[in-house]
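If you read the sequence shown in the UniProt record's numbering, its first letter stands for residue 1, the second for the next number, and so on.
Cβ coordinates follow ideal geometry from the N, Cα and C atoms, glycine included.
It should be emphasised that the depicted structure is a prediction, and the values quoted were computed from it without experimental measurement.
Below: one structure, written as structure tokens.
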Amino acid sequence: MYRATSKYGTYKRVAQLSGGTNTKFTDKNVSPGKTYYYKVRAYRIVGKDKDYGSYSTILKTRTRCNTPVITSCAKSSKKGDTNKNGKVKISWKKISGAYGYAVYRSDSKNGSYKRIKTIKSGSTLSTYDEGLKRGKTYYYKINAYRTADIGNVYSYYSNVRYVKVK
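Below is the structure:
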């Protein structure tokens, strides 16, 4: 198993699988939010030598971004807002390499979360949730994403924060 950080870069051997049936490998020496390229080739032992086959097609993959942390979740203090507007501001810490964030809301901490916003900028670090009911508690979590050939690659979910709308 060989890995590089660019398709035509220098590939370094990161593992040698043996036994003929061992076809799985987890690379634990990677960084979050990075792109890696892998290729493999089979070999067989002939006497005291190894007879190598051709390299496989190159596989491009991306690791997940780091997990974001929600820093605050509070009734909006945006100028002109009042509690009866039912508006909440959710803020989080920047994740290096993130292309954007997805924000989720639930009526209970362990309930079903629905995506309410997709933020299409890695530098946007807050958003508002509007039209909320007074007297109700809402729970929020987010995850960061990067774009890959196979679609978006999402981080694990953040911590859960909640706010009661008065």
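Kindly give me the distance between the Cβ atoms of residue i and residue j, rounded to whole angstroms, as I take these residues to be in contact under 8 angstroms.
{"i": "Lys136", "j": "Val165", "result": "6 angstroms"}
{"i": "Arg161", "j": "Cys73", "result": "4 angstroms"}
{"i": "Trp92", "j": "Thr71", "result": "6 angstroms"}
{"i": "Lys34", "j": "Thr63", "result": "6 angstroms"}
{"i": "Asp51", "j": "Ile90", "result": "About 58 angstroms separates the two Cβ atoms, so there is no contact after all."}
Around the C-beta of residue i, are 16 or more other C-beta atoms found within 10 angstroms, so that it is buried, or is it exposed?
{"i": "Gly9", "result": "exposed"}
{"i": "Thr127", "result": "buried"}
{"i": "Val163", "result": "buried"}
{"i": "Ile45", "result": "exposed"}
{"i": "Asn143", "result": "buried"}
{"i": "Ala42", "result": "exposed"}
{"i": "Asp49", "result": "exposed"}
{"i": "Tyr156", "result": "exposed"}
{"i": "Arg105", "result": "buried"}
{"i": "Leu17", "result": "exposed"}
{"i": "Val103", "result": "buried"}
{"i": "Thr82", "result": "Its pLDDT being 43, under 50, Thr82 is placed unreliably in this model, and the value from its coordinates should be taken loosely. Under this definition Thr82 is an exposed residue."}
{"i": "Arg13", "result": "exposed"}
{"i": "Ser122", "result": "For clarity, residue 122 is Gly in the given sequence; the question names Ser instead. Buried: at least 16 other Cβ atoms inside 10 Å."}
{"i": "Val69", "result": "exposed"}
{"i": "residue 167", "result": "Any property of residue 167 remains undetermined from this structure, which presents the chain solely from 1 to 166."}
{"i": "Arg146", "result": "buried"}
{"i": "Gly47", "result": "exposed"}
{"i": "Gly86", "result": "buried"}
Among the options, whose alpha-carbon lies nearest the alpha-carbon of residue i?
{"i": "Leu59", "options": "Met1, Thr71, Ile45", "result": "Met1"}
{"i": "Gly100", "options": "Asp129, Tyr52, Tyr154, Val69", "result": "Tyr154"}
{"i": "Gly53", "options": "Lys39, Gly151, Ser106", "result": "Lys39"}
{"i": "Asn159", "options": "Thr147, Thr26, Lys109, Ser121", "result": "Lys109"}
{"i": "Tyr11", "options": "Gly33, Lys48, Ser56, Thr23", "result": "Ser56"}
{"i": "Trp15", "options": "Lys114, Lys7, Ser6, Asn29", "result": "It is worth fixing the name first, because residue 15 is Ala in this sequence and not Trp. Per the Cα distances, Asn29."}
{"i": "Ser6", "options": "Gly122, Tyr36, Leu132", "result": "Tyr36"}
{"i": "Gly97", "options": "Asp107, Asn152, Gly19, Lys24", "result": "Asn152"}
{"i": "Ser112", "options": "Tyr138, Leu125, Val88", "result": "Tyr138"}
From the DSSP secondary-structure annotation, give me the bridge partner or partners of residue i.
{"i": "Leu59", "result": "Tyr38"}
{"i": "Asn152", "result": "Thr147"}
{"i": "Tyr2", "result": "Arg13, Lys39"}
{"i": "Cys73", "result": "Ile90"}
{"i": "Tyr99", "result": "DSSP output for Tyr99 lists no bridge partner at all."}
{"i": "Lys141", "result": "Tyr104"}
{"i": "Ile116", "result": "Looking at the DSSP assignment, Ile116 forms no beta bridge with any residue, so it has no partner."}
{"i": "Tyr162", "result": "Tyr139"}
{"i": "Thr67", "result": "Note: Thr67 sits in no beta bridge, so no partner."}
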